[in-house]
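Comments concern the structure below.
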Amino acid sequence: MKEHFSSVWTRERRTAKSPTLSRAQIVRAAMELLDAEGLDALSMRRLGARLGSGTTSIYWHVANKDELLELVLDEVYGEFSVLDVQETTWRNAASSFAYGIRQALFKHPWVISFIGTTPAIGPNAMRMMSGLVATFDKAGFRGLDQDYAASTLLAYVLGVTAPELSWRSMLEQTGLSSNELNASIQPVVEKAAADHPELAARYAEFRCIDVDTARALNFEFGLTCFLDGLEARLNRAASPPANLPPAARVRSPGGDDAPAPN
Numbered sequence: 001m002k003e004h005f006s007s008v009w010t011r012e013r014r015t016a017k018s019p020t021l022s023r024a025q026i027v028r029a030a031m032e033l034l035d036a037e038g039l040d041a042l043s044m045r046r047l048g049a050r051l052g053s054g055t056t057s058i059y060w061h062v063a064n065k066d067e068l069l070e071l072v073l074d075e076v077y078g079e080f081s082v083l084d085v086q087e088t089t090w091r092n093a094a095s096s097f098a099y100g101i102r103q104a105l106f107k108h109p110w111v112i113s114f115i116g117t118t119p120a121i122g123p124n125a126m127r128m129m130s131g132l133v134a135t136f137d138k139a140g141f142r143g144l145d146q147d148y149a150a151s152t153l154l155a156y157v158l159g160v161t162a163p164e165l166s167w168r169s170m171l172e173q174t175g176l177s178s179n180e181l182n183a184s185i186q187p188v189v190e191k192a193a194a195d196h197p198e199l200a201a202r203y204a205e206f207r208c209i210d211v212d213t214a215r216a217l218n219f220e221f222g223l224t225c226f227l228d229g230l231e232a233r234l235n236r237a238a239s240p241p242a243n244l245p246p247a248a249r250v251r252s253p254g255g256d257d258a259p260a261p262n
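First residue of the sequence shown? That's 1 in the UniProt record's numbering, and the numbers climb one at a time after it.
Quick look at the structure:
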């Protein structure tokens, strides 16, 4: 028989036996360990040593490591929020959210492997999703389209940022700056492009570009294109077919022009 879905958020929270160790302390220590040494360094034994407590005290708050990671993931979700869409435009709210995720990933690069695989049903995740739904509702999306817009925005941020995290990891291993590492691999890239003169010319043209600035501009370019695409989709949905004469148009309940009924 298959096991039922379980989560740290679906079971009743225990009252701590020891007043000296709280769930918040455990989560904070786990995040510090993950930020400093990465996912492979996290174990209940090492976490207990960091807290100056035995693993038994930790297991009173979480049943296993998976539950601990759920708590840590929700803590990361709490570091960024969606702007109140009643006080700004939906595009500003979506853009702020995208940059918030990006900065959180740079701060906690280990978290990217858990997004989409670890249950995100904690209070911070719910608050985040509520804000996103409100954002795309204000934009004009309805029903599942709100979820599609939100998930595509998240996919864009993850897709662009993941290679940057790998690049940063390589920088740490080499001890070089972005521009130094780029310069060191430039001759290899140009040699590989020898049979493609158009590519070789482009690589030579951008030899002296600041890598970090280029990556930041690349993210902004893609985000703007994504939001432009959403806006264009909304505008198409709100516009009546171009071949209808003005007399065949009526006002829809929402105030938009719509084809007159037959």
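Using N, Cα and C, we set each Cβ at its ideal position, and we do this for glycine too.
{"Asked": "Proximity below 8 Å, CB of Val72 to CB of Val8", "Found": "no"}
{"Asked": "Cα-Cα separation, Ala24 to Leu33", "Found": "14 Å"}
{"Asked": "Integer Cβ distance of Met128 from Ser81, believed to fall under 8 Å", "Found": "7 Å"}
{"Asked": "Touching by the beta-carbon criterion (3+ pairs, under 8 Å), the segment 216-233 and the segment 141-156", "Found": "yes"}
{"Asked": "Contact belief for Leu171 with Leu181 at Cβ below 8 Å, rounded distance in angstroms", "Found": "6 Å"}
{"Asked": "Own chain residues within Cβ distance below 7 Å of Thr118, not counting five before or after", "Found": "Leu69, Glu70, Leu73"}
{"Asked": "Between the CA atoms of Met126 and Gly85 - distance to the nearest angstrom", "Found": "The sequence shown places Val at residue 85, not Gly. Their backbone Cα atoms lie some 16 Å apart in a straight line."}
{"Asked": "CA-to-CA distance, Leu217 to Ala139, given in whole angstroms", "Found": "25 Å"}
{"Asked": "Residue environment, Arg102, which counts as buried when at least 16 other CB atoms sit within 10 Å", "Found": "buried"}
{"Asked": "Identity of the residue in Ser151, Cys208, Trp90 nearest Asp228 by Cα", "Found": "Trp90"}
{"Asked": "Assigned secondary structure, Gln103 (DSSP; H/G/I helix, E/B strand, else coil)", "Found": "helix"}
{"Asked": "Pick from Arg46, Leu176, Tyr77, Glu79 that is closest to Lys65, judged by C-alpha positions", "Found": "Arg46"}
{"Asked": "Ile112 versus Ser239 - alpha carbon distance", "Found": "39 Å"}
{"Asked": "Assumed close pair Ala149, Leu230 - CB separation to whole angstroms, cut-off 8 Å", "Found": "6 Å"}
{"Asked": "Given Ala162 as reference, the closest of Arg202, Pro197, His196, Ile115 once Cα atoms are compared", "Found": "Ile115"}
{"Asked": "8 Å Cβ cutoff met for Asn124 and Tyr59", "Found": "no"}
{"Asked": "Residue environment, Gly52, which counts as buried when at least 16 other CB atoms sit within 10 Å", "Found": "exposed"}
{"Asked": "Coil, strand or helix - residue 280 by DSSP", "Found": "The question about residue 280 has no answer, for the chain in this structure spans 1 to 262."}
{"Asked": "Endpoints, the alpha helix (DSSP H) within which Trp167 is located", "Found": "144-174"}
{"Asked": "Candidates Glu67, Asp145, Asp137: closest to Ala120 by CA position", "Found": "Glu67"}
{"Asked": "Neighbourhood of Trp110 by C-beta distance below 6 Å, restricted to the same chain and skipping five residues each side", "Found": "Leu34, Gly38, Leu39"}
{"Asked": "Contact check, Ser178 vs Val133, beta carbons under 8 Å", "Found": "no"}
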